[in-house]
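Chemist:
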Amino acid sequence: MENTQYNEINEIQTKGDEEKAFQLYLKSAEGGNFYGQNNLGCCYEKGIGTTKDEEKAFQWYLKSAEGGNSYGQYNLGRCYECEIGTIKNEEKAFQWYLKSAEGGNSDGQNNLGHCYEKGIGTTINKKKAFQWYLKSAEGESSAGQYNLGRCYEYEIGTIKDEEKEFQCYLKSAEGGNIYGQYGLGLCYQYGIGTEKNDVKAFQWYLKSVEGGNSMGQYNLGFCYEKGIGTTKDEEKAFQWYLKSAEGGHSYGKNRNEEKAFRWYLKSAEGGNSMEQYNLGCCYENGIGTTKDEKKAFQWYLKSAEGGNSHGQYNLGRCYEKGIRTTKDHEKAFHWYSESGKLHLRCMGCCLSTLVGVIVSVLTGVLL
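Heads up: the sequence shown begins at 3 in the working numbering, then just goes up one per residue.
(1) What does a CB cutoff of less than 7 Å around Ala67 pick up in its chain, not counting 5 residues either side in sequence?
(2) By the DSSP assignment, the alpha helix (DSSP H) with Gly288 in it spans what residues?
(3) For Gln7, which residues from the same chain have a beta carbon less than 6 Å from its beta carbon, with the 5 sequence-adjacent residues on both sides left out?
(4) Given Leu303, which residues of its chain have a CB within under 7 Å of its CB, disregarding the five upstream and five downstream residues?
(5) From the DSSP output, in three-state form, read off Glu277 for me.
(6) Give me, in chain order, the residues of the same chain whose beta-carbon lies closer than 6 Å to that of Tyr118; leave out the 5 immediate sequence neighbours on both sides.
(7) Distance, Cα to Cα, Leu28 vs Gly70?
(8) What separation, rounded to the nearest whole angstrom, lies between the Cα atoms of Arg347 and Asn287?
(9) What number of angstroms, rounded off, separates the C-alpha of Leu344 from the C-alpha of Lys238?
(10) Pair every Cβ in the region 260-274 with every Cβ in the region 226-237, then say whether three or more of these pairs are closer than 8 Å.
(11) Give me the Cβ distance between Ile325 and Glu295, rounded to the nearest whole Å; I'm assuming they're in contact under 8 Å.
(12) Does the beta-carbon distance from Ile86 to Ala59 come in below 8 Å?
(13) Cβ of Thr196 less than 8 Å from any chain C Cβ?
(14) With DSSP collapsed to three states, give me the class of Ile161.
(15) With a CB to CB cut of under 7 Å and the five nearest residues on each side skipped, what residues in its chain are close to Leu186?
(16) For a test of the three-state rule: what should DSSP assign to Arg386, helix, strand or coil?
(17) Are the beta-carbon atoms of Thr327 and Cys320 separated by less than 8 Å?
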């Protein structure tokens with residue numbers, strides 16, 4: 003989660019004056035300045051201008067927090083949550099995030115929302131999580147904007163709103179948040195809250211990955227494999243899929259599948275026969291949704307009746323195998339014929355089973 007108070011240190015860092023920055027913060031901190039104490043803690047935590055020392059980082063964050071500094075309170079909360087220089091204590095983490103949030107710190111507000119969402123040091127309360135993410139987002143925290151987008155996407159403490167979801171991810175992405183960039187890429191790829199735009203989807207996935215977000219690696223691979231927003235490149239697709247697999251990141255794949263399912267559903271309900279076929283595949287294989295062969299059959303039927311050859315073929319397979327319908331080889335043969343994708347396997351089973359099919363063959367269906 004982001005920590006905006008690093009900006010000042012980073013400015014000095016860019017000039018190559020890390021040791022000078024450390025000395026300035028040390029002098030300020032020892033003089034009782036709460037901001038200096040917090041920034042000195044940052045130096046010790048990250049090894050900026052000095053040797054990394056998490057215990058000293060914790061001690062200086064503690065001094066800053068006890069002095070009422072909202073950044074110090076936020077960082078002290080992180081120490082207790084993530085075992086930085088102290089033992090893990092989720093209750094104390096929650097209490098310090100609460101103090102920081104009530105002091106108007108947008109990072110503290112974001113982390114407090116996370117505590118309420120996940121039940122860290124407190125009881126799960128999705129409505130409070132949403133409220134604190136909202137405050138954080140309004141305070142221009144890109145992490146808060148990302149989490150607010152998730153709330154609108156997954157109905158966390160609020161109702162689903164795809165347009166607000168998109169707007170939140172857009173603000174977060176433009177603010178440099180790698181997770182917001184990833185979420186925005188998904189919105190553009192699947193037309194969630196905005197028009198589909200494969201080029202923008204690819205660009206935002208790339209930014210997210212370049213910023214260090216491994217979840218976007220799978221999506222980049224998918225873009226290169228299918229030529230989504232970029233030129234098809236199987237070698238690059240393989241490389242990104244490999245990186246994703248090595249990182250063990252199934253989340254990106256799962257979330258991509260959920261978005262795909264939502265897009266297929268939206269288009270299928272609008273009468274798109276190709277997406278009706280894709281939706282059937284999702285239901286049949288449990289891709290992005292719960293497996294439901296009955297719904298798979300229904301969507302294959304709609305797709306087939308709409309003239310889609312893929313839907314016709316899969317409908318034929320359903321009739322052949324009895325997938326959520328009564329086995330009917332005559333209907334299977336009919337839909338295989340319609341699809342123009344007759345295989346010897348299909349013909350063999352049909353011809354050896356039904357007189358009705360043989361009559362059809364004799365009357366010239368296969369000619």
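Note that CB positions come from ideal geometry on N, CA and C, so glycine has one too.
Modeler: To lay it out plainly:
(1) Sequence-distant partners of Ala67 (beyond 5 residues in either direction) whose C-beta falls short of 7 Å from its own C-beta, in its chain, are Gly74, Gln75, Leu78, Trp98.
(2) Where Gly288 is concerned, there is no enclosing alpha helix (DSSP H), given that its DSSP letter is neither H nor E.
(3) Note that Gln7 scores a pLDDT of 49, beneath 50, so its modelled location is shaky; the value from the coordinates is reported in the next line. If we look at Gln7 and ignore the five residues flanking it on each side, its Cβ neighbours are Tyr73.
(4) Only Leu317 meet the Cβ criterion.
(5) DSSP places Glu277 in helix when its eight states are reduced to three.
(6) Annotation for Tyr118: Asn127, Lys130, Ala131 place their beta carbon closer than 6 Å to its own, counting only its chain and skipping 5 residues before and after.
(7) Approximately 19 Å between the Cα atoms of the pair.
(8) Since pLDDT at Arg347 reaches only 39, below the 50 mark, its modelled position is unreliable, and the value read off the structure follows with that caveat. The straight-line gap from Cα to Cα measures roughly 22 Å.
(9) Confidence is the limiting factor: at Leu344 the pLDDT is only 40, short of 50, which leaves the residue's position unreliable, though a coordinate-based value still follows. About 35 Å.
(10) Taking 8 Å as the limit for Cβ pairs, the verdict is that the region 226-237 does not touch the region 260-274.
(11) Approximately 6 Å separates the beta-carbon atoms of Ile325 and Glu295; this is inside 8 Å, confirming the contact.
(12) For Ile86 and Ala59, yes; Cβs fall inside 8 Å.
(13) No chain C is part of this structure, which consists of one protein chain only.
(14) Of the three classes helix, strand and coil, the one that applies to Ile161 here is coil, per DSSP.
(15) In chain order, Tyr171, Leu172, Ala175, Trp206 place their CB closer than 7 Å to the CB of Leu186, counting only its own chain and leaving out the 5 sequence neighbours on each side.
(16) Absent from the structure is residue 386, since the part of the chain shown begins at 3 and ends at 369.
(17) Cβ atoms of Thr327 and Cys320: closer than 8 Å.
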